[in-house]
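Before any comments, here is the structure.
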Amino acid sequence: MVLDTALFNLINGSAGRVAVVDSLMRLLVNDYFLPTALCLLTAALWFAGSSKQERGRNQRVIVSIIMAVLLANVVVKLCNLVFFRPRPFSVQQVNLLFYRPSDSSLPANSAAVAFAFAGVAWQRHRWLGVVMGALAGLFAIARIYCGVHYPLDLVAGGLVGSVSAYLVGKSQRALEPLMAAVIGVARRLYLA
Amino acid sequence: MEFREQITIGVIFLVFAYFASLGFWQLVATWQRLEALLWLPRGVKARWGYSLGSSLVAAASLWFFGTRSEEIFSPGPASSEFLFFLSAGLALALVTTVIISLFLDRVWASLQGLTERRRSDSELIALKWLRGTLYLPSSGEAPSPVVCMAPEPGEGIESLEGIAVSLTEGGFAAFSLDMSSQDSWRYPDALVEFPQAIAYLDTRDEIDGSRVGAVGVGLGADLAIRAAAEDRQIKAVVALAPVMLPSHARPGLDLLREMSYPEAIRWSRVHQRGELVTRLGALEHVSELDSQPLLIVYGEEDRLVPSAGLDASQRATKVKPIPGQGHRGLERDAQVMSLITGWFHEHI
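If you read the sequences in order, they're chains A and B. This note's numbering applies: residue 44 is where the first sequence begins, and numbers increase by one. This note's numbering applies: residue 54 is where the second sequence begins, and numbers increase by one.
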C-alpha cells in the first residue's frame, strides 16, 4: 500500500505542471474518448476479412469481447459489494483533473473493461491486442495522473479484465451456439 | 435532478456517437467497398471516401470533446448506458447512411444515365405466355441469327439493353425475356421461359430459328445453361456470373458490396433462391453442353459468386474473368458486350 501510494503521488504529482499534458490526460481519462475508440475499433473488426469464413472468425471475437466485458463488469460489481476502497481524493490531497466518482476505487472498472477488450483481441489478433492494450494502458495511466485511482486499483481492474478475457477464450465451444445465433441474425440483415 | 442531468449527458453523447458513426460507416464502406453504404459515386478513389469518413469523425470529436467539457467532466452514463447510447448512435447512423446512399445512388445513376443512354429500336412482345423485348438489327443478313437473354431476377429488361444493342450492331436479333415478376422464377415454371421464347422467335420471318444463342445473368445464366442442356436448338451460350452453387445464394454482407440495401432485400426474396439454384443444377448440366460452346464470364471483384471453384474443365467451356468488375455491372461492361458478340459470331 505504501508503494501504491508513493507511485500514485509520483504520477499524480506531475499533474498541473504542463498545460498540454494536462489537456491530453483530460482527453484520455474521460468516460467517452477511449471507450468510444475501443468500441469503434471492435465494430470495424466485424467487417474485416477477405472471406465469409475469416469474417465469421472476427465476428466471433466481437461476441467474445462483449461476453468478456459483461463478465468483467459482474466481477467488479461483486467485488464492490464485499470491499470498498476510498478514492485517492477522499483520503489525501491530490491534483484532481476529473469529477469525483463515488464508487469503490478498487478494482478499477475502467481498467477491467479496457483490458477485457484487449485480452480477447490479443487471443485472436496480436496486432489488435497490442493496439487495444496500449489504449487500455493509456487509460490506466491517465486515471492515476488525474487523481481518480491508485495504481493498485488499475492493476486489479486489469487482472479482472484479462482473466475474464481468458475465461471467455477458454469457453468458445460453450459459447458457440450464442455466437452462431448472433451472427445468423446479423447475416439475415446483410450485416455479417 | 441527477438523473435528468445524466440523461442530458447521455443524449449529448448520443448526438456525438451518431455523427461520429456516420463517419465510421463511411470509413468501413470505403475499406470494405460496401456500395450500399458509400456516399461517393462508384469509381471515385478510396482516399476521398477515407477523407470524408475521417472528416466526419474529426468534426464530431472536435464538437463533443472541444465544446462539451462541462458535461464530459460530470458523472455521466455508466458503462451499460454508455454502450446503449453508442450502439443507438451506430444503429441510427447506419440507417441514415443507407438512406443517404440510396438517394445519392439515384442521383449519380441519373447523371450517368443522361450521358450513357443508348438508343435502340425495339419491339415489346406481350403475349399471354411470353413477355419480353425483341431487338432487330437495322442491317445485315436476313433472316438474322438470334440471341435469347435472361436477366438477373428482379432486374428489368432494360438491364440487358446494352448487350441487345451491341448484338444488333453485330447483325444479331436479340430477345430479352421479361422476368421481372417474382412468379417467373418459380420452379419448374422458370424452365419454360427459354423454350417459349424460342418457339415464338421461330414464328418470326426476320429470324433464323436454326441459329439461336442464349445469354443469362446471375440466376438467369443458370437458367440459360439449363435451357441449352435441354434444347439443342441453342447453339452457344454466354453465362455472366452464373450462381451454380446453393452456398452462393446466401452471401450476407457481400450483397452490400454489389447493391443497395433495398436491392439486397429484393435479391434475397426470389423464391427460395438456394433451392432454385439446386433444382436448376447448372453446374451438372455444363457437362451436357459438349456441342454447345459455353462462355462463362466473371468479374474478378465478384464477392457473391467467386469463380475460384470453377474451371474450364469441360472441353467446350471457356471461363473469362473481367478485371475490376464485380457481380453486377458485367452486362453493362463494353468489354463483356464485345466478348458476347464475338462469341456468337464464332459459334452460331
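Cβ atoms here follow ideal geometry from the backbone N, Cα and C, with glycine treated the same way. Note that the structure is a prediction, hence the values are computed from the model and not measured.
- Between the stretch 190-202 of chain A and the stretch 130-147 of chain A, the count of Cβ pairs shorter than 8 Å is three or higher; the stretches touch.
- Using a CB distance cut-off of 8 Å, B/Leu308 counts as an interface residue toward chain A.
- By alpha-carbon distance to B/Lys98, the top candidate from B/Thr83, B/Leu109, B/Ala89 and B/Ala111 is B/Thr83.
- With a 10 Å radius around the Cβ and a threshold of 16 neighbouring Cβ atoms, A/Trp170 comes out exposed.
- Annotation: the continuous alpha helix (DSSP H) that includes B/Glu55 extends over Glu55 to Gln85.
- Distances from the CA of B/Glu399 to each of B/Leu309, B/Glu328, B/Val290 and B/Ser340 were compared; the closest alpha carbon is that of B/Val290.
- The continuous stretches of alpha helix (DSSP H) do not include B/Glu88, and DSSP gives it neither H nor E.
- Straight across, the Cα-Cα distance linking B/Ala141 with A/Leu149 is about 30 Å.
- In summary, the residues of the stretch 74-90 of chain A whose CB is separated from some CB of chain B by less than 8 Å are Asp74, Tyr75, Phe76, Pro78, Thr79, Cys82, Leu83, Ala86, Ala87 and Phe90, in the order they occur in the chain.
- Using a Cβ-Cβ cut-off of 8 Å, B/Ile125 counts as an interface residue toward chain A, since at least one Cβ of chain A sits closer than that to its own.
- Against chain B, the beta carbon of A/Arg230 has neighbours under 7 Å at Gly305, listed in chain order.
- Comparing alpha carbon positions, the residue from A/Ile187, A/Asn123, A/Ala224 and A/Asn152 closest to A/Ser207 is A/Asn152.
- Interface flag for A/Leu221 against chain B is unset, since no Cβ pair is found closer than 8 Å.
- Within the model, the alpha-carbon separation for B/Gly271 versus B/Pro295 is close to 4 Å.
- B/Glu176 carries a strand assignment under DSSP once its states are collapsed to helix, strand and coil.
- Among the CB atoms of chain B, none fall inside 8 Å of the CB of A/Asn52.
- Exclusion of the five residues before and after B/Trp116 leaves Phe69 and Phe72 as the residues of its chain whose Cβ lies within less than 8 Å of its Cβ.
- Here B/Tyr351 carries a strand assignment [DSSP, helix/strand/coil].
- Rounded to whole angstroms, A/Ala183 and A/Ala154 show a C-alpha spacing of 6 Å.
- For B/Lys98, the three-state secondary structure derived from DSSP is coil.
- Straight through space, the alpha carbons of A/Val173 and B/Ala274 are spaced by roughly 48 Å.
- When DSSP states are grouped into helix, strand and coil, B/Arg264 belongs to the strand group.
- Leaving aside the five residues that flank B/Asp158 on each side, the residues in its chain whose CB is nearer than 7 Å to its CB run, in chain order, Ser313.
- By the criterion of at least three beta-carbon pairs nearer than 8 Å, the stretch 222-235 of chain B is not in contact with the stretch 338-347 of chain B.
- Around the Cβ of B/Arg356, a 10 Å sphere holds 16 or more other Cβ atoms; the residue is buried.
- Non-local C-beta neighbours of B/Thr256 in its own chain, meaning closer than 7 Å and more than five positions away in sequence, are absent.
- Under DSSP, B/Val200 forms a beta bridge with B/Ala227 and B/Gly266.
- For B/Ile375, the enclosing beta strand (DSSP E) has its first and last residue at Thr370 to Ile375.
- Residues Ser148 of the same chain have their beta carbon placed closer than 7 Å to that of A/Pro129, with the five preceding and five following residues left out of the count.
- Going by DSSP, A/Ala223 is part of the alpha helix (DSSP H) stretching over Gln215 to Arg231.
- By the beta-carbon neighbour count (other beta carbons within 10 angstroms, threshold 16), B/Trp182 is exposed.
- By the neighbour-count definition (other C-beta atoms within 10 Å, threshold 16), A/Thr79 is a buried residue.
- Per DSSP, reduced to three states, the secondary structure at B/Arg184 is strand.
- From the listed residues B/Gly223, B/Gln345, B/Glu58 and B/Met297, the smallest Cα separation to B/Ile125 is found for B/Glu58.
- Using a Cβ-Cβ cut-off of 9 Å, A/Leu171 is close to nothing in chain B; its nearest Cβ partner there is about 15 Å away.
- Contact fails between the stretch 205-219 of chain B and the stretch 145-155 of chain B, because fewer than three Cβ pairs, one in each stretch, are under 8 Å apart.
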